[in-house]
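Enquirer: The listed protein sequences derive, respectively, from chains A and B.
Residue numbers for the first sequence follow my numbering, beginning at 1 and rising by one.
Residue numbers for the second sequence follow my numbering, beginning at 1001 and rising by one.
Note that beta-carbon positions come from the ideal geometry of N, C-alpha and C, so glycine has one too.
No experiment lies behind these values; they were computed from the predicted model shown.
First the structure, then my questions, so here it is.
Protein chains: 2
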Amino acid sequence: MSYTREVMNTGCIVAPKGFSAGTVACGIKTVKDNLDLGIIFSEYPSTGAALFTTNQIYAAPVKLSRKAVQKGRTRAIVINSGNANACTGEQGDKDAEEMVRLTAECLKISEDEILVASTGIIGRPLPMDKVRAGIQAATASLGNTPSHGNAMARAIMTTDTRQKDIAVRLKIQNKDVILGGITKGAGMIAPNLATMLCFITTDVSLPASLLDECLRKSVESSFNRITIDGHTSTNDTVAIIANGASGVHISSSKENTGGSPLQIFQQGLDYVASYLAKAIVKDGEGATKFIQIDVIGARSRGEAARIARSIADSPLVKTAINGEDPNWGRIVSAAGYAGVELDESKTTLYINDILIFAKGMPAQCDLTTLSISMKSTDIQIRLELGLGNYSDTVWTCDLSHEYVTINAEYHT
Amino acid sequence: MSYTREVMNTGCIVAPKGFSAGTVACGIKTVKDNLDLGIIFSEYPSTGAALFTTNQIYAAPVKLSRKAVQKGRTRAIVINSGNANACTGEQGDKDAEEMVRLTAECLKISEDEILVASTGIIGRPLPMDKVRAGIQAATASLGNTPSHGNAMARAIMTTDTRQKDIAVRLKIQNKDVILGGITKGAGMIAPNLATMLCFITTDVSLPASLLDECLRKSVESSFNRITIDGHTSTNDTVAIIANGASGVHISSSKENTGGSPLQIFQQGLDYVASYLAKAIVKDGEGATKFIQIDVIGARSRGEAARIARSIADSPLVKTAINGEDPNWGRIVSAAGYAGVELDESKTTLYINDILIFAKGMPAQCDLTTLSISMKSTDIQIRLELGLGNYSDTVWTCDLSHEYVTINAEYHT
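Spelled out as structure tokens, the structure:
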């Protein structure tokens, strides 16, 4: 590490100076008393940046926030869980707009300083009576204690089994600055953002365009590298708010050299985004194994990525790993149908650093060692193509009975 | 139907005149007495055509047969199950070559009149002692009774739970001609051919190039329309042998007009191929539902196909249907990430002919009727895009606990 970093694990989203959060169980979720609405708020004027789903069918809040974030002045985010406000037509648009308007009134800030996000079931109108009361109550409960931050992390969960958050403290220009983040995921996670929400706060200040640049870089190497079931959702949102309360101002991308303030900030943001992206995979629906797939020796990064994702999305590979079986034939054949020209006689595969397929031939390997290593909760697949100098990595999880149970029994 | 067709259900692959089959349990499969090697043989010189996997990693028998079929003189096919002879390097090539050489010796025909196919586990050398003895025994047992045909259909099975075969009798030029087919599938089935083998015999005669044309057309509308888990295998082969024993000769593609001999033959072949392709899906690993996905109103057939496959391969859609839940949000969002530009306000969805999503809005529908219809073993998804005049259809099955059990417990 070329910079000093301290990791914090509580109240993360309000750990940076000048941020507060308010949450409420307003009855959107069917299980009573489950938090289902929250507001993240910066006391100071801030800049913001956000990235959204690439799905052609996107939710009303995504449509609205995509527009609002253009101004770069994001200062608050209102989020509900339990209902995605997706495929809800004009009424959905109106409801998302009303959420923003009410939040603006309560916080006494401008509407274009607010982003809105929703997650949960698709195709049901939002219960706006509950949402209206919820926004009032969440605003009234704003605070910056660790328990406020923890409640915020829980308020965005759907089928997630645990709170996923992190904060890091960095030294920039001899001052302490903090980056805090929360995320939710579970099902429908695929590259290019999915039913995933992620919110990051920081007390550094950066111009909106530079903040956007930093966020894109971090997301490219984190959230865009994960897949659970290949299903990109309608609501994915990753947003960051930077309020400058630490007194540290980063102004130019030109200073992005070793140890520069911008580089330290980018490294911190990369760390937060990667940690949260991996946390989503580890808490994937029914996941029992975390799988890292490294494809190296490709002709281009794009080809490496296509192959890594083809392996990651193969139900046959995912079930084999669930069964702790080193079924390399499935891995190699999944690589073979990725639409990339391969040379079998140059293809080599390692599972957990054990050579198992060497240049087109099964390798002699210690099956006992291999079998024991498959019992680990971390599985590493490394495929060498021998075709060029590019590589890529994708993170995924196994496919278990529990996944089928969750998704067959989840009823609309 | 513009032609007369009689469907037969026994001894299918030897139902056309002049064909015989021989099978044996030679010990390639671990379960003793399970048939695992078979030979299909035409008593007369024939023409042949075949299509193979598009996977970049393909098995030794595919490599060899792809070359042999160029001659267009196929007269016999030797097939083993229990071992795919894939990812087996040079030894695999030699073993496939020896299978052909031995079969040629036993049948007293030329090596280039023989195709070879294998299915089963990847990456293990073939037990050639058993295979050699098996080829001798299978040849010795050649016969054309229904039980010979049925045994042949069983000899190619792996995780299939039932024999999949059909024969049809057609009238061409006032003569009876027969098309017979067998297939196997189960796992790793995806568009563009998978762990799927299909062999078709007919007593019509056609020039090899015309036979190839007919086979391509039929496969395009049958085997290339199915997907079980999106995994294209290393060994897929669809082959046809035409021996002319019926006395019917079709010579030119120019006569392909309504009711022409060629058209009748093509319709018969389409029927056989579609029946067998659907049979594979219905016997998909752990399948409890047969799902037809029709995408209409697309800008091109390619776009319709991309969307249909995106829906068909979504584990979230497949588990929802397994749970008999009409979760249309998952269907619409799977369409949305297919990489095709959509207009949500023009998108309409029917499940089992019940309107459920109308031009971007949830439709009022009778939930009781819908819920009852989801209990059917046949589910029809019809997505109207409202963008153009092209359509496409894909057949798939649900994703069940049984699929996970089969594929997690299958050990290498």
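May I have the straight-line CA-CA distance separating A:Lys184 from A:Lys164, to the nearest angstrom?
Expert: Looking at the two C-alpha atoms, the distance is approximately 7 Å.
Enquirer: Classify A:Lys71 as buried or exposed, calling it buried when 16 or more other Cβ atoms lie within 10 Å of its own Cβ.
Expert: Exposed.
Enquirer: Rounded to whole angstroms, what's the CA-CA distance from A:Val416 to A:Gly149? Just pull it up for me.
Expert: In this structure chain A extends from 1 to 412, so residue 416 of chain A is not present and cannot be described.
Enquirer: State the DSSP-derived secondary structure class of A:Val248, mapped to helix, strand or coil.
Expert: Coil at A:Val248, not helix or strand.
Enquirer: Could you pull out every unbroken alpha helix (DSSP H) segment of at least 4 residues lying fully inside the segment 321-380 of chain A, listed in chain order?
Expert: Fully enclosed alpha helix (DSSP H) runs of 4 or longer: 328-336, 367-373.
Enquirer: Helix, strand or coil, according to DSSP, for A:Leu211 in the structure here?
Expert: Note: A:Leu211 maps to helix in three-state DSSP.
Enquirer: Taking only beta-carbon atoms, is A:Met87 less than 9 Å away from chain B?
Expert: The amino acid at residue 87 of chain A is misidentified as Met; the sequence shows Cys. Answer yes: the Cβ-Cβ gap between A:Cys87 and chain B drops below 9 Å somewhere.
Enquirer: Does the beta carbon of B:Pro1061 come closer than 9 Å to any beta carbon on chain A?
Expert: Closer than 9 Å: no.
Enquirer: Name the DSSP bridge partner or partners of B:Met1008?
Expert: B:Ala1167.
Enquirer: Do A:Thr319 and B:Ala1408 have their C-beta atoms within less than 9 Å of each other?
Expert: Cβ atoms of A:Thr319 and B:Ala1408: closer than 9 Å.
Enquirer: Could you say if the segment 54-61 of chain A and the segment 110-124 of chain A meet the contact criterion of at least three C-beta pairs nearer than 8 Å?
Expert: The segment 54-61 of chain A is in contact with the segment 110-124 of chain A.
Enquirer: Which word fits B:Leu1197, buried or exposed, when buried means at least 16 other C-beta atoms lie within 10 angstroms of its C-beta?
Expert: Classification of B:Leu1197: buried, given that the 10 Å Cβ count is 16 or more.
Enquirer: Short of 8 Å in beta carbon distance, which residues of its chain neighbour A:Ser147, apart from the five on each side in sequence? Order them along the chain.
Expert: So the qualifying residues of the chain are Gly11.
Enquirer: Given that a residue counts as buried once 16 or more other Cβ atoms are within 10 Å of its Cβ, and exposed if not, what is A:Gly339?
Expert: Exposed, by the Cβ-count rule.
Enquirer: I think A:Asn47 touches A:Ala208, with their Cβ atoms under 8 Å apart; what is that distance to the nearest whole Å?
Expert: In the sequence as displayed, the identity of residue 47 of chain A is Thr instead of Asn. Sure, about 4 Å apart at Cβ, within 8 Å.
Enquirer: Measuring alpha carbon to alpha carbon, tell me which residue in A:Met99, A:Val131, A:Ser400, A:Lys94 is nearest A:Lys289.
Expert: Residue A:Ser400 is the option with its Cα nearest to A:Lys289.
Enquirer: Can you give the Cα-Cα distance for A:Tyr390 and A:Glu303, rounded to whole angstroms?
Expert: Their Cα atoms are separated by approximately 8 Å.
Enquirer: Do you know how far the Cα of B:Asp1294 is from the Cα of B:Leu1193?
Expert: Because B:Leu1193 carries a pLDDT of 43, less than 50, the predicted location of this residue cannot be relied on, and the following value inherits that uncertainty. Roughly 20 Å separates the two Cα atoms.
Enquirer: Can you find a C-beta in chain B that's less than 9 Å from the C-beta of A:Asp325?
Expert: It does; some Cβ of chain B falls within 9 Å.
Enquirer: So which of B:Asp1366, B:Glu1341, B:Val1332, B:Glu1402 has the shortest CA-CA distance to B:Ile1381?
Expert: Nearest option by C-alpha distance: B:Val1332.
Enquirer: I'd like to confirm the pairing. Which residues does DSSP put opposite A:Asn83 in its beta bridges?
Expert: In the DSSP output, where bridge partners are listed per residue, A:Asn83 has A:Thr119, A:Ile121.
Enquirer: What's the gap between the Cα of B:Lys1094 and the Cα of B:Asp1033?
Expert: Approximately 27 Å between the Cα atoms of the pair.
Enquirer: Identify, in the order they occur along the chain, each residue of the same chain with its Cβ nearer than 6 Å to the Cβ of A:Gly268, setting aside the five sequence neighbours on each side.
Expert: The residues are Val168, Leu170, Leu179.
Enquirer: If A:Thr195 sits next to A:Asn235, beta carbons under 8 Å apart, how far is it from one beta carbon to the other, in whole angstroms?
Expert: So it is a contact: roughly 6 Å between Cβ atoms.
Enquirer: Tell me which residues share the same chain as A:Pro326 and place their Cβ nearer than 7 Å to its Cβ, disregarding the 5 neighbours each side in the sequence.
Expert: Correct list, in chain order: Ile351, Ile356, Leu370, Met374.
Enquirer: Assign B:Arg1162 to one of two classes, buried (16 or more other C-beta atoms within 10 Å of its C-beta) or exposed (fewer than that).
Expert: B:Arg1162 should be labelled exposed.
Enquirer: What three-state label does DSSP hand A:Thr30 in the structure shown?
Expert: Three-state result, A:Thr30: coil.
Enquirer: My understanding is that B:Ala1287 touches B:Ser1314, with C-beta atoms under 8 Å, so please give their C-beta distance in whole angstroms.
Expert: About 16 Å; that fails the 8 Å criterion.
Enquirer: Around the Cβ of B:Ile1372, are there at least 16 other Cβ atoms within 10 angstroms (buried) or fewer (exposed)?
Expert: Exposed, because fewer than 16 other Cβ atoms sit within 10 Å of the Cβ of B:Ile1372.
Enquirer: Taking the C-alpha atoms as reference points, what is the distance between A:Lys108 and A:Ser141?
Expert: So the two alpha carbons sit approximately 15 Å from each other.
Enquirer: Are the CB atoms of A:Asn9 and A:Ile166 nearer to each other than 9 Å?
Expert: Yes, the Cβ-Cβ distance between A:Asn9 and A:Ile166 is below 9 Å.
Enquirer: Would you say B:Ala1117 reaches chain A, if we count a Cβ-Cβ gap shorter than 9 Å as a contact?
Expert: So, not an interface residue.
Enquirer: Does any residue of chain A bring its CB to less than 9 Å from the CB of B:Met1361?
Expert: Interface residue, yes.
Enquirer: Taking just the CA atoms, how far does B:Lys1017 sit from B:Phe1041?
Expert: Near 11 Å, if we compare the C-alpha coordinates of B:Lys1017 and B:Phe1041.
Enquirer: Can you tell me whether B:Val1007 is buried or exposed, with buried defined as 16 or more other CB within 10 angstroms of its CB?
Expert: B:Val1007 is exposed by the Cβ-count criterion.
Enquirer: Candidates B:Glu1043, B:Gly1123, B:Asn1083: which alpha carbon is nearest A:Glu344's?
Expert: The residue with the shortest Cα to Cα distance from A:Glu344 is B:Gly1123.
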